[in-house]
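Quick mapping for you: the protein sequence lines, in order, are chains A and B. Numbering (the working numbering) for the first sequence: 94 to 534. Numbering (the working numbering) for the second sequence: 140 to 579. Ideal placement from N, C-alpha and C gives every residue a C-beta, glycine not left out. No experiment lies behind these values; they were computed from the predicted model shown. One structure is given here, and the rest of the page talks about it.
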Amino acid sequence: MARQARFLTETFGGYRQAEPPPPEDRLVRVGPGTLGGEYLRRFWHPVAQSAMLKGLPVAIRIMGEDLVIFRDKSGRVGLLEAHCSHRGTSLEFGKIEDRGIRCCYHGWQFDIDGAILDTPAEPEGNPYKGKLYQGAYPTVEYKGLVFAYMGPPEKKPPFRKFDVFEKPGLEFGLGEPVGGNLKPCNWLQVMDNVADPVHEAFLHASISGIQFTDVNGRPVEELADKGEDDYWETEVGVLCHVARRVKDAVWVRSMEYVIPNIIQICKMPLLPPPFTNDADEIEMPQLLTRWRVPVDDENTVEFALVYYGAEDDRSYVSAPSVALSTNRGGRTYEEAQRAPGDYDAQVSQGPIARHGREHLGRTDRGVALMRRMVREGIEAVARGEDPKGLFRNGAVAPVYAAETVKRAARGPTPEADREVVRSVSHALYQKSLATRPRTWR
Amino acid sequence: MATTRFLTEKFGGYRIAKQPPIDEELTRVGRGTPAGELLRRYWQPILHSADLKDLPVPVRILGEDLVAFRTTAGAVGLLERHCAHRGASLEFGKITERGILCCYHAWHFAPDGRLLEAPTEAAQNPYTGKLCQGAYPTKEFAGLVFAYLGPPDRVPPFPFYDSFARKDFHFGLGEPDGNKINIQPTNWLQMMDNTPDQAHEAFLHCMHSGPQFLDQNRRPITELAIIGELDWWETPTGLACHEARRVGPDIWVRSMELFFPNCVQVCRPPVFPPAYPGGATEVEYPPFLIRWKVPLDDTHTANYSIIFYFHGEPADYFTRPTPAAKALYNDRTYEDMQRFPGDFEAQVGQGPIAIHAREHLGHTDRGLAMFRRMVRDGIEAVRRGDDPKNVNRGASGPIPTYSRETMVRLPPPNSPEADKKLLRDTSRRVFERSLAAAAR
């Protein structure tokens, strides 16, 4: 672990503050051959949206690698190293063919698996055609996103599906405008945000005004209560609860860190909850699954799938909530200063957050748990093992997050009520454990 | 595990070495680097004469920050940018009749670097008349300002090529005054690689992006798409690069020349069908341009070109550019670059410094291998204390050049193999004639 800068115990002591120790390389470096990079490369990651693949190749950068992605004229997606293996010209200037792509410089043609199909400037019988391969990565298109696997070919896991993807009647939309949401900072500090649900009470409520609204458009003022936070390690990540007292009910905000770089969030309930006579518990549907994909050590791109029921309008991206619009860059500096959002809280930690100058507190237990899971995954890969969370044997991966409001009589004292609130939260966790993975009829 | 060798596995991106080292010896251009010292043995164009007006111009050449100016008396100065006194930039200085005054304390430097006055100092000070600001000699030719940045005892003669001596030409420039669209964010060597790689013309400049070359009547030269027979010969000045194509009953010998180390000569392409003068079976096309690719630093290189026009022809290279010329500059939209890539995209797309360790050179890259060898030999020569190739010390008269774009009426023999041999023999004959002419 990074060496901790000591607690400063002196007023006007700026001068005494030690330069923080450097970042913990294994956690934050993502390039090829780095410990963290090799760990992340064992998973499928979304690298583009299908809508980005039109008539021209697209230059992208993922985990420090410069790549070109395109859809060939037979409809197949290719993801190749950007630089042509002949003389290094970028294939972003290439021409898309029925099969694969052709370099602009000397017409070498590569299939989507990297095979050289044509070297028209070379004589027949040259040592390249049919033998040499351009570096390529396998891809899968799923619900409008293009996923790639960039790890060792012999370690490739099946494409991981979550139980919540399969719920009947759902449709999926994208969570970002075309191109994804770029954040100029390291991926890990973007992820820290989810294992830290308590920030919602501050950043998204008491500091910047209520940034979340319910399905009827009412600002969820109850968010400003910091509630009772709890964290549990699951087989996919960290389940994070913040339970709050709302009149005669308990609202359990339930979100999840999914290994290695995914967040799962549910819709917020109507408050106070509209219980009916035969139901004193309401479980909210999933809102989104969002991946935070490292572009390189100091840049991250977000791609999300948004869950729509039949009655939902499709306005998640086109009419963004305050919370979503403040998760994007491009606001004026004054707007960001007056009402900061996730983008500002995450990016302002610096290009790579320095853990050595942090002072973690009680509400950072989830962050500590998440970082420990990343370290354990890194160590597993370094030992030659599969990291946690791969789901190799055709198993569907469970998601535990299940935002719920439940009727619960108030305890006689504030302390007793806190126990009530926490026990509702714990019971919900136990119920999630017992009912995963979900199966749908 | 990771390899820069031949990848023999589909979906094998993971196996490729991602960051193999660059060739430091050939690509670094700063002072004291091997290629930097080689390049410093030659006159290099640094800006247009027309850009020296009433204000100094900051220039960056071979990794050095300099300032160029023309005194009110007309002399050109090229000085280290930072004043020898306290380092203020002379780009903010004031041009005088005898030199330039630093804005900060008015130290006054002559174009040769001498400190003429230091008005803040006592009359008797250790500087005036003794200290010199770093300065480089310059020469103006054909609208360009050239500089020599090498050891002062090694100043070579100015490279006056025979194409400059032709009486039927007037000269123009290949880029507009005053802006920087001629700068490519890439290393000099990969821009030079382009010339001994004449095979790229058929692909990049014709099949891929549509015919980017026009003849003098502005007809797109679709014949460029024919893949010809390639040959390269070392010459006293550098490397002659030929591609001989079969065009119906004629043979087109495309002939370009690399002037060592960072300059090229290109001829006018033919007009098809060729008009042979009065019963002749051969016609030759004159040189069209000489272009230097001047390193500004390791990852930026500028094109400076002298265009040859016949008397009476308008100097329209830049005002009515061919698609190939347009695609040489950095002012296009990204979509235009993607749809119609040219030399700029092919070269810049290799990255800031092309990594040779991940290349897979082929049959068409033989000339490029010869060129890189010549650069290594040049570096060795400088190390030994010798003049490198094409310094031409003691030359009497214009320096012969060897490019001879030619059309020859020679119908194809009956087999493709025999025709290939005829193409190569014809190409060689054209080159040998240029050798013989140089010997005269």
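- Within the same chain, and ignoring the five residues on either side of HIS347 of chain B in sequence, the residues whose Cβ sits closer than 8 Å to its Cβ are PRO480.
- Looking at A:ASP323, A:MET348, A:TYR324 and A:ASP318, the one whose alpha-carbon comes closest to that of ARG337 of chain A is A:ASP318.
- Measuring C-alpha to C-alpha distances from ARG485 of chain A to each of A:LYS249, A:GLY273, A:SER167 and A:ARG119 identifies A:LYS249 as the nearest.
- Close CB contacts of ALA208 of chain A within its chain, under the 7 Å cut and outside five residues either way in sequence, are with TYR226 (chain order).
- Contact check for ALA338 of chain B against ALA214 of chain A passes: the beta carbons are separated by less than 8 Å.
- Annotation for ARG543 of chain B: VAL392, SER394, CYS406, GLU423, VAL569, PHE570, ARG572 and SER573 place their beta carbon closer than 8 Å to its own, counting only its chain and skipping 5 residues before and after.
- Interface annotation for the region 172 to 194 of chain A against chain B: LEU172, LEU173, GLU174, ALA175, HIS176, CYS177, SER178, HIS179, ARG180, GLY181, THR182, SER183, LEU184, GLU185, PHE186, GLY187 and LYS188, criterion Cβ-Cβ distance under 9 Å.
- Look at the region 365 to 397 of chain A: it has no residue with a C-beta under 8 Å from a C-beta of chain B.
- Taking 8 Å as the CB threshold, HIS292 of chain A stays off the interface with chain B.
- Within the region 326 to 393 of chain B, complete beta strand (DSSP E) segments of at least 3 residues are found at 368 to 373 and 377 to 386, given in chain order.
- Residue-level contact check: THR438 of chain B does not touch chain A, since none of the beta carbons of chain A fall below 8 Å from its beta carbon.
- With a cutoff of 8 Å on beta-carbon distance, PHE208 of chain B and ILE239 of chain B are scored as near each other.
- Going by DSSP, ASP323 of chain A is part of the beta strand (DSSP E) stretching over 321 to 326.
- Look at LYS166 of chain A: its C-beta is not under 8 Å from any C-beta on chain B.
- Taken through DSSP and simplified to helix, strand or coil, PHE457 of chain B comes out as coil.
- In this structure, ALA156 of chain B lies away from GLY311 of chain B, with their beta-carbon atoms at least 8 Å apart.
- Within chain A, the C-beta atoms nearer than 9 Å to that of ILE494 of chain B come from HIS176 and GLY181, in chain order.
- Under the three-state reduction of DSSP, VAL168 of chain B is assigned to coil, being neither helix nor strand.
- The CB of ARG497 of chain B comes closer than 8 Å to the CB of HIS176, SER178 and GLY181 in chain A, given here in chain order.
- Interface residue (Cβ-Cβ distance to chain A less than 8 Å): ALA338 of chain B is classified as such.
- The three-state reading of DSSP puts SER518 of chain A in helix, counting H, G and I together.
- By the neighbour-count criterion, in which 16 or more other beta carbons inside 10 Å mark a residue as buried, LYS499 of chain A falls on the buried side.
- Three or more beta-carbon pairs drawn from the region 252 to 263 of chain A and the region 475 to 492 of chain A are found closer than 8 Å, and the two stretches are therefore classed as touching.
- The three-state reading of DSSP puts GLU148 of chain B in coil, since its state is none of H, G, I, E or B.
- In this structure, GLY244 of chain A and ILE352 of chain A do not form a Cβ contact; the two beta carbons are roughly 14 Å apart against a cut-off of 8 Å.
- Look at TYR242 of chain A here: in three-state DSSP terms it is strand.
- Pairing GLU373 of chain B with PRO444 of chain A, the inter-Cα distance amounts to about 51 Å.
- DSSP places ASP159 of chain A inside the beta strand (DSSP E), whose first and last residues are 158 to 164.
- The residue from A:LEU453, A:VAL291, A:TYR221 and A:PRO277 with its alpha-carbon nearest to that of GLY320 of chain A is A:VAL291.
- Linking PRO426 of chain B to ARG459 of chain B through their CA atoms gives a straight-line distance of about 19 Å.
- The alpha carbon of THR210 of chain B has as its nearest neighbour, out of B:PHE398, B:ILE200, B:ARG199 and B:LEU194, the alpha carbon of B:LEU194.
- Assignment of ARG531 of chain A by DSSP, reduced to helix, strand and coil, places it in the coil class.
- HIS297 of chain A sits in a helix when the DSSP states are folded into three classes.
- Interface criterion not met: the Cβ of LEU483 of chain A is under 8 Å from no Cβ in chain B.
- Between ASP190 of chain B and VAL196 of chain B, the CB-CB gap stays under 8 Å.
- For ASP211 of chain A, the secondary structure class from DSSP, reduced to helix, strand or coil, is strand.
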